[in-house]
Amino acid sequence: PHPVVVYFHGGGFVFGDLEVVDKVCRSLSNASGAAVVSVGYRMAPEFRFPVAPEDCYAATCWTVQNAAHLGVDPDRLAVCGDSAGGNLATVVAMMARDRSGPKIVYQLLIYPVTDAVTDSSGKFPSRVENKEGYLLTSAAMEWFFSHYFSNPSDAENVFASPLRGKLAGLPPATVITAGFD
-18 PHPVVVYFHG GGFVFGDLEV VDKVCRSLSN ASGAAVVSVG YRMAPEFRFP
32 VAPEDCYAAT CWTVQNAAHL GVDPDRLAVC GDSAGGNLAT VVAMMARDRS
82 GPKIVYQLLI YPVTDAVTDS SGKFPSRVEN KEGYLLTSAA MEWFFSHYFS
132 NPSDAENVFA SPLRGKLAGL PPATVITAGF D
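So in the working numbering, spot 137 of the sequence shown is number 118, and the numbers just go up one at a time.
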């Protein structure tokens, strides 16, 4: 059986779909020799937090439960995602750890959203320095979060902002960022 990567697409928890990341998933599979299960989770604003992380966790559990049928090795399970999907990947790893769920052995996080609290306190200087002039602005992030959360305090939940949670006991991770992330 092949190792398996469960992939969660980005799009601010509002946009994106399987077709958008199909080429990325195929490239990841070809380069790694792993099977890739790309997850189409329910998105905001119709389905607000915590629906997306719960869908992604359920899809990861389903992948393990159906490993034999899929021809994948549940003992070589990784999670991966880009942007909002990177958030979901690490949140799924946290859920698996906290719920005694599937054993995830690796995380590949591509410019993940790690803290959804939008404040100007200076906790993250890069948010102030890079808030304008790049593809993703502070205003755009606030727009995404306003659609994703029913209540602004949801942003403080560790399953929305994994950087605010306990990271000990999570599988190893590669975090890919760019110069202005």
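Glycine included, each C-beta is placed from N, C-alpha and C at the ideal position.
Apart from the five residues on each side of it in sequence, which residues of its chain come closer than 8 Å, Cβ to Cβ, to residue i?
| i | result |
| --- | --- |
| G150 | R78 |
| S10 | V(-14), A16, V17 |
Between residue i and residue j, which are expected to be in contact by the criterion C-beta below 8 Å, what is the C-beta distance as a whole number of angstroms?
| i | j | result |
| --- | --- | --- |
| T41 | P83 | 6 Å |
| H(-17) | D54 | 7 Å |
| F126 | A136 | 6 Å |
| P143 | T95 | 6 Å |
| F130 | R29 | 6 Å |
| D163 | G(-9) | Since the first and last residues shown for the chain are -18 and 162, residue 163 lies out of range. |
Is the distance from the Cβ of residue i to the Cβ of residue j below 7 Å?
| i | j | result |
| --- | --- | --- |
| L90 | A154 | yes |
| A65 | G14 | no |
| A70 | Q46 | no |
| A74 | V60 | yes |
| M24 | V2 | no |
| P26 | H128 | yes |
Going by beta carbon distance, what residues of the same chain come within less than 6 Å of residue i, once the five residues before and after it are set aside?
| i | result |
| --- | --- |
| Y22 | A33, D36, C37 |
| T158 | Y92 |
In its own chain, which residues sit with a C-beta less than 7 Å from the C-beta of residue i, not counting the 5 before and 5 after it?
| i | result |
| --- | --- |
| K112 | T118, S119 |
| V156 | L90, P93 |
| A97 | F126, A136, A141, S142 |
The beta strand (DSSP E) that contains residue i, what's its start and end?
| i | result |
| --- | --- |
| T155 | 154 to 157 |
| L89 | 87 to 91 |
With residue i as the anchor, note down where its alpha helix (DSSP H) starts and where it stops.
| i | result |
| --- | --- |
| Y115 | Here Y115 belongs to no alpha helix (DSSP H), and DSSP marks it neither H nor E. |
| L210 | Not covered by the structure: residue 210. The range shown for the chain is -18 to 162. |
| G160 | Segment: none, G160 is in no alpha helix (DSSP H) and carries neither H nor E. |
| S142 | No alpha helix (DSSP H) contains S142, which DSSP labels as neither H nor E. |
What are the start and end residues of each continuous beta strand (DSSP E) run of 3 or more residues lying completely inside the segment -18 to 63, in chain order? -17 to -11, 16 to 20, 53 to 63
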